[in-house]
Every structure is written in C-alpha cells, then in structure tokens.
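In the working numbering, the protein residues as written are 41 to 205.
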C-alpha cells in the first residue's frame with residue numbers, strides 16, 4: 041500500500057509524456073493548437089517542457105512558434121522552455137516563427153533569450169534568411185530587422201538574407 045502513491049505518479053507521468061507515432065506528446069499537440077490552458081495543465085501535472093518529437097525533433101516551443109499563440113508562448117516560457125533548442129535541421133523556435141510568418145512571437149522569443157542571429161549548422165541560415173526565403177510576410181522581415189537581426193550575415197553558400205527574397 042505504501043507504494044500506491046508512487047505507482048499512481050508513475051502512471052500519471054506515463055500519460056503526460058506518452059507519445060504518438062512520431063513522438064509527439066500531449067504537450068506538443070496542445071502547443072500546436074494554441075491551447076494555452078491545456079498547456080498549463082499539462083505542465084502543472086509534470087509534462088516535460090522541452091520534450092522533442094522523433095520526427096523533426098521539435099519541442100512544444102517549436103510547435104507554438106509555428107502556430108503563433110502568444111499566450112501559449114508565455115505559458116511555455118513560464119515553465120522554462122528553451123528558446124535555443126535545435127530541431128533536426130538545427131532550427132530554433134525563432135527560425136520556425138520566421139518560416140511560418142508568426143511575427144508576433146519574434147520579439148518575445150528574442151526577449152526570452154533566443155539568439156537572434158543564430159546560424160543553422162546545416163546551411164548557415166539565420167531567422168532572417170529563413171524569413172526572406174520562405175515567409176510571405178514582410179512584417180516578419182521588418183520585425184526581425186527592427187529587433188536588430190544582422191542583414192549582412194552570409195549563409196554557408198555566401199548569400200546574405202536579402203539575396204533570398
């Protein structure tokens with residue numbers, strides 16, 4: 041009987057950090073859907089804030105950066121999500137936000153410690169390179185530049201971000 045609470049906690053941990061076929065946890069799924077209250081409840085229950093899926097090695101913060109929910113972002117940061125965690129390609133949450141044009145998260149990510157001019161190891165792209173190449177949002181590019189992203193940094197192939205626009 042004395043092991044009952046410990047077994048119950050182990051069972052809760054299994055559910056909180058259970059994964060689907062690509063390794064996403066309930067926290068990943070709540071984050072990509074912008075369900076900030078679910079995110080809070082999962083984290084209060086002990087979900088792993090920086091868990092990475094098996095497919096792309098995305099964390100819940102990467103998922104949030106794609107979706108763009110500022111409230112979900114705030115909850116994840118309250119529980120110390122790592123804004124510089126890299127996915128399979130070396131992208132941080134800032135790169136993901138730039139890719140999907142969720143510009144409302146760019147300044148908060150930078151303020152939370154995301155390295156603004158971090159260059160992905162694979163291609164040397166910064167978030168500004170990604171925004172110029174993939175985002176259809178000039179607001180994304182403007183936000184990065186106003187946050188002091190360096191437009192002179194060159195990718196591994198020698199291109200500054202403006203050459204990718």
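We put the beta carbon where it would ideally sit given N, CA and C, even for glycine.
Could you give the distance in angstroms between the alpha-carbon of residue i and the alpha-carbon of residue j?
i, j, result
"residue 147", "residue 187", "7 Å"
"residue 143", "residue 94", "27 Å"
"residue 61", "residue 113", "25 Å"
"residue 117", "residue 189", "22 Å"
"residue 193", "residue 167", "11 Å"
"residue 185", "residue 159", "16 Å"
"residue 162", "residue 43", "48 Å"
"residue 78", "residue 56", "11 Å"
Do residue i and residue j have their C-beta atoms within less than 9 Å of each other?
i, j, result
"residue 100", "residue 68", "yes"
"residue 152", "residue 201", "no"
"residue 109", "residue 137", "no"
"residue 156", "residue 133", "no"
"residue 115", "residue 73", "no"
"residue 45", "residue 58", "no"
"residue 197", "residue 141", "no"
"residue 173", "residue 204", "yes"
"residue 154", "residue 104", "no"
"residue 120", "residue 175", "no"
Tell me whether residue i sits in a helix, a strand or coil according to DSSP, three-state version.
i, result
"residue 100", "helix"
"residue 161", "coil"
"residue 191", "coil"
"residue 148", "helix"
"residue 45", "helix"
"residue 123", "coil"
The region 129-140 in contact with the region 75-85 per 3-pair CB rule at 8 Å: As far as the Cβ criterion goes, the region 129-140 does not touch the region 75-85, which means the pair count is below three.
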